[in-house]
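Below is one structure, written out as structure tokens; comments come after it.
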Amino acid sequence: MKFLHTADWHLGKIVNGVSMLAEQRYILEQIARIAEEEQVDGIVIAGDLYDRSVPPADAVTLLNDVLMELNVTLGKPVFAISGNHDSAERVNFGSAWYEKSGLHIQGTLGKELAPIEWNGAQVWLVPYHEPAQVRAAFEEKTVRSFEDAMQAVTAKIRAVWDTDKAQILVGHAFVAGGLPSDSERQLAIGNVDRVSTNCFEGFDYVALGHLHHSHAIHHPSIFYAGSPLKYSFSEAKDKKSVRIVTMDGKALVEVRERYLEPLHDLRIIEGYLADLVSSVAPGNEDFLQINLLDEGALIDPIGQLRAFYPNVLHLERVQEKLTDSQFERFEDVIKKDDLELFAQFFEHVSGKEMSDRQVEIMRETMDSVKGGADQ
641 MKFLHTADWH
651 LGKIVNGVSM
661 LAEQRYILEQ
671 IARIAEEEQV
681 DGIVIAGDLY
691 DRSVPPADAV
701 TLLNDVLMEL
711 NVTLGKPVFA
721 ISGNHDSAER
731 VNFGSAWYEK
741 SGLHIQGTLG
751 KELAPIEWNG
761 AQVWLVPYHE
771 PAQVRAAFEE
781 KTVRSFEDAM
791 QAVTAKIRAV
801 WDTDKAQILV
811 GHAFVAGGLP
821 SDSERQLAIG
831 NVDRVSTNCF
841 EGFDYVALGH
851 LHHSHAIHHP
861 SIFYAGSPLK
871 YSFSEAKDKK
881 SVRIVTMDGK
891 ALVEVRERYL
901 EPLHDLRIIE
911 GYLADLVSSV
921 APGNEDFLQI
931 NLLDEGALID
941 PIGQLRAFYP
951 NVLHLERVQE
961 KLTDSQFERF
971 EDVIKKDDLE
981 LFAQFFEHVS
991 GKEMSDRQVE
1001 IMRETMDSVK
1011 GGADQ
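Residue numbers for the sequence shown follow the working numbering, so the first one is 641 and each next one is one higher.
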């Protein structure tokens, strides 16, 4: 049995004010081609189909198109769940009759858990859930944390599963020790949203969504697919992929990656303004964060850069950061006169000390202001 594991599509995503819809359509068409080339038996989508609970119409159309391609045109069964960005009820719409064509979508967590029997395996669709939802559904008053909730769900599964069959769980959660990125929405304040790997004991393959790094965790049976596109500059060095999973009965034979090539990459580049606009390298239409090394004032740097790099999403000035040893005590700061304080501020902003001429001009300006105030 072979299947493709993907997650965190976030259809309708906007990054720094720019819609990713065209990029998403391009990458999902690529995923469909990979599914066909690999001749997989099915596709797993582990949550966050959409980027928000009420997605734009174009995002709904795109999901309709890609599911039609995977499930109807290619004839592949699809196993999908809702994530924390989705509206569970909206994702759940139509799921009862979609199953007739092998499109299995689980948006909400019900009181009764039942597997999908598939190719000698049992597939358990466990959509994103919060402790209160599990507490109400299972009537378990002791469920107070995300860990309690996941433990309760998987315990119910173990009570009814067939131990002779491969057990595949599709979920959307933050496993403790996982590596997050800036583009994920926090599930809760602090670390209370984490669940332990112990929750998934006994499952032969756990297909997870939520964390956008495909190597967010290293475990023999628990895997994140990662997002198919980079949605923040904290992911700039990632190589996005889908996972191709091969199983022989309960044995996990192989888990490998098929890498994805975006229409436009999301990268960070660094340099001086004059160099960047005089020598434009290939990939100038990628989505970019540009870190400028220039000192002093610049005239409309973003305007100059966008003439050559039309998809600049973020611009930063690189400055030396203060270390703890460079911070002064408040008592020492208030002992300094105005000129000393301004000189210190000037050096922090510009990265260099004031010249003698600049000090003289500033002293004359301050004396003039003080003289006017005294009159």
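Where a beta carbon is used, it is the ideal one built from N, C-alpha and C, also for glycine.
>> Looking at the secondary structure, which residues open and close the beta strand (DSSP E) in which A891 lies?
In response: As a first step, residue 891 is located in the sequence shown; it is residue number 251 there, counting from the start. Here the beta strand (DSSP E) through A891 covers A891 to Y899.
>> Counting beta carbon pairs with one atom in the region 843-852 and one in the region 681-695, are three or more of them shorter than 8 Å?
In response: yes
> Three or more beta-carbon pairs under 8 Å between the region 809-818 and the region 837-845, yes or no?
Replying inline: yes
> So who's on the other strand from E910, going by DSSP bridges?
Replying inline: The residue given as residue 910 occupies position 270 in the sequence shown. Per DSSP, N931.
> Under 8 Å between the Cβ atoms of A792 and V774?
Replying inline: Position 152 of the sequence shown holds residue 792. Position 134 of the sequence shown holds residue 774. Closer than 8 Å, so yes.
>> Going by beta-carbon coordinates alone, are N724 and V718 separated by less than 8 Å?
In response: For the purposes of this step, residue 724 is taken as the residue at position 84 of the sequence shown. For the purposes of this step, residue 718 is taken as the residue at position 78 of the sequence shown. No, these two residues do not count as a Cβ contact at 8 Å.
>> Among I862, A795 and V783, whose alpha-carbon lies nearest the alpha-carbon of F814?
In response: Taking the first residue of the sequence shown as 1, we reach residue 814 at position 174. Nearest of I862, A795 and V783 to F814, Cα basis: I862.
> Since L932 and R957 are thought to touch, with beta carbons under 8 Å apart, how far apart are those beta carbons, to the nearest angstrom?
Replying inline: Reading the sequence shown from its first residue, position 292 is the one you call residue 932. Reading the sequence shown from its first residue, position 317 is the one you call residue 957. At roughly 5 Å, the Cβ-Cβ gap stays under 8 Å, so L932 and R957 are in contact.
>> Can you tell me which residues form a DSSP beta bridge with K642?
In response: Translated into the one-based positions of the sequence shown, residue 642 becomes position 2. According to DSSP, which records beta bridges pairwise, K642 is partnered with T886.
>> Does A675 come out as helix, strand or coil in the three-state DSSP assignment?
In response: Sequence index remark: in the sequence shown, residue 675 carries index 35 (1-based). In the structure shown, A675 sits in a helix (DSSP, three-state: H, G or I).
> Cα-Cα, which of G943, L753 and V885 is closest to V893?
Replying inline: Start at 1 with the first residue of the sequence shown, and residue 893 comes out as number 253. Answer by Cα proximity: V885.
> Beta carbon of D698, beta carbon of L668: below 8 Å?
Replying inline: Here the question's residue 698 lines up with position 58 in the sequence shown. Here the question's residue 668 lines up with position 28 in the sequence shown. Against a cut-off of 8 Å, the Cβ pair of L668 and D698 comes out as no contact.
> When burial is assigned at 16 or more other CB atoms within 10 Å of the CB, is D964 buried or exposed?
Replying inline: Taking the first residue of the sequence shown as 1, we reach residue 964 at position 324. With a pLDDT of 49 at D964, under the threshold of 50, the modelled position of this residue cannot be trusted, and the question is left open.
>> Using only the alpha-carbon positions, how far apart do H645 and E935 sit?
In response: Counting from 1 along the sequence shown, the entry for residue 645 is found at position 5. Counting from 1 along the sequence shown, the entry for residue 935 is found at position 295. Straight-line Cα distance between these residues: approximately 47 Å.
> To the nearest angstrom, how far is it from the Cα of L702 to the Cα of D726?
Replying inline: Residue 702 sits at position 62 when you count from the first residue of the sequence shown. Residue 726 sits at position 86 when you count from the first residue of the sequence shown. Each residue's Cα considered, the two are about 15 Å apart.
> DSSP puts I808 in a beta bridge; with which residues?
Replying inline: The residue labelled residue 808 in the question sits at position 168 within the sequence shown. Its beta-bridge partners are V763 and Y845.
>> Can you tell me whether L661 is helix, strand or coil according to DSSP?
In response: Sequence index remark: in the sequence shown, residue 661 carries index 21 (1-based). In this structure, L661 counts as helix in the three-state DSSP scheme.
> Between the beta-carbon of D878 and the beta-carbon of H853, is there less than 8 Å?
Replying inline: Translated into positions along the sequence shown, residue 878 becomes position 238. Translated into positions along the sequence shown, residue 853 becomes position 213. Yes, they are a contact pair.
>> Using a 10 Å radius around the Cβ and a threshold of 16 neighbouring Cβ atoms, would you call R883 buried or exposed?
In response: Within the sequence shown, the letter at position 243 stands for residue 883. Its Cβ being crowded by 16 or more others within 10 Å, R883 is buried.
> Hey, how far is the Cα of I683 from the Cα of V655?
Replying inline: If you number the sequence shown from 1, residue 683 lands on position 43. If you number the sequence shown from 1, residue 655 lands on position 15. Rounded to the nearest angstrom, the two C-alpha atoms are 27 Å apart.
> To the nearest angstrom, how far is it from the Cα of A799 to the Cα of G657?
Replying inline: Looking up residue 799 in the sequence shown gives position 159. Looking up residue 657 in the sequence shown gives position 17. Approximately 48 Å, taken between the alpha carbons.
> Helix, strand or coil: how does DSSP classify V718 here?
Replying inline: Counted from its first residue, the sequence shown places residue 718 at position 78. Strand.
>> So, at 7 Å on beta carbons, what are the nonlocal neighbours of P941 in its own chain, with the 5 sequence-adjacent residues on each side left out?
In response: The residue you call residue 941 lines up with position 301 of the sequence shown. Cβ within range, chain order: L913, L932 and L955.
> Straight-line CA distance for L938 to D926?
Replying inline: Here residue 938 refers to the residue found at position 298 when the sequence shown is read from its first residue. Here residue 926 refers to the residue found at position 286 when the sequence shown is read from its first residue. Answer to the nearest angstrom: the Cα atoms are 23 Å apart.
> In terms of residue numbering, what span does the alpha helix (DSSP H) encompassing I942 cover?
Replying inline: Sequence index remark: in the sequence shown, residue 942 carries index 302 (1-based). I942 -> alpha helix (DSSP H) spans P941 to R946.
> For the alpha helix (DSSP H) that contains A813, what are its first and last residues?
Replying inline: Locating residue 813 in the sequence shown gives position 173, where the first residue counts as 1. Here A813 belongs to no alpha helix (DSSP H), and DSSP marks it neither H nor E.
> Would you report the Cα separation of H670 and L869, rounded to the nearest angstrom?
Replying inline: For the purposes of this step, residue 670 is taken as residue 30 along the sequence shown, with counting starting at 1. For the purposes of this step, residue 869 is taken as residue 229 along the sequence shown, with counting starting at 1. Sequence check: residue 670 is Gln here, not His. Rounded to the nearest angstrom, the two C-alpha atoms are 12 Å apart.
>> Going by beta-carbon coordinates alone, are N732 and I745 separated by less than 8 Å?
In response: On the sequence shown, residue 732 is found 92 positions in, with the first residue counted as 1. On the sequence shown, residue 745 is found 105 positions in, with the first residue counted as 1. Contact: yes.
> T713: which of R692, A675, S659 and R730 sits nearest, CA to CA?
Replying inline: Translated into positions along the sequence shown, residue 713 becomes position 73. The candidate whose alpha carbon is nearest that of T713 is A675.
> Which whole-angstrom value is the C-beta distance of L979 and M1006, which I expect to be below 8 Å?
Replying inline: Within the sequence shown, residue 979 is the residue found at index 339, counting from 1. Within the sequence shown, residue 1006 is the residue found at index 366, counting from 1. Rounded, the Cβ-Cβ distance is 6 Å, consistent with contact.
> On the three-state DSSP scale, how would you describe F733?
Replying inline: As a working note, residue 733 is residue 93 in the sequence shown. Of the three classes helix, strand and coil, the one that applies to F733 here is coil, per DSSP.
>> So, for H859: in the same chain, excluding its five sequence neighbours on each side, which residues have a beta-carbon less than 7 Å away from its beta-carbon?
In response: As a working mapping, residue 859 is identified with position 219 in the sequence shown. T837, listed in sequence order.
>> Strictly by DSSP, which residues pair up with A686?
In response: Here residue 686 refers to the residue found at position 46 when the sequence shown is read from its first residue. Beta-bridge pairing links A686 to I721.
> Could you give the residue range of the beta strand (DSSP E) that holds V989?
Replying inline: The residue you call residue 989 lines up with position 349 of the sequence shown. V989 -> not in any beta strand (DSSP E); alpha helix (DSSP H) instead, spanning D978 to S990.
> Quick one: is A754 buried, meaning 16 or more other Cβ sit within 10 Å of its Cβ, or exposed?
Replying inline: Translated into positions along the sequence shown, residue 754 becomes position 114. Classification of A754: exposed, given that the 10 Å Cβ count is below 16.
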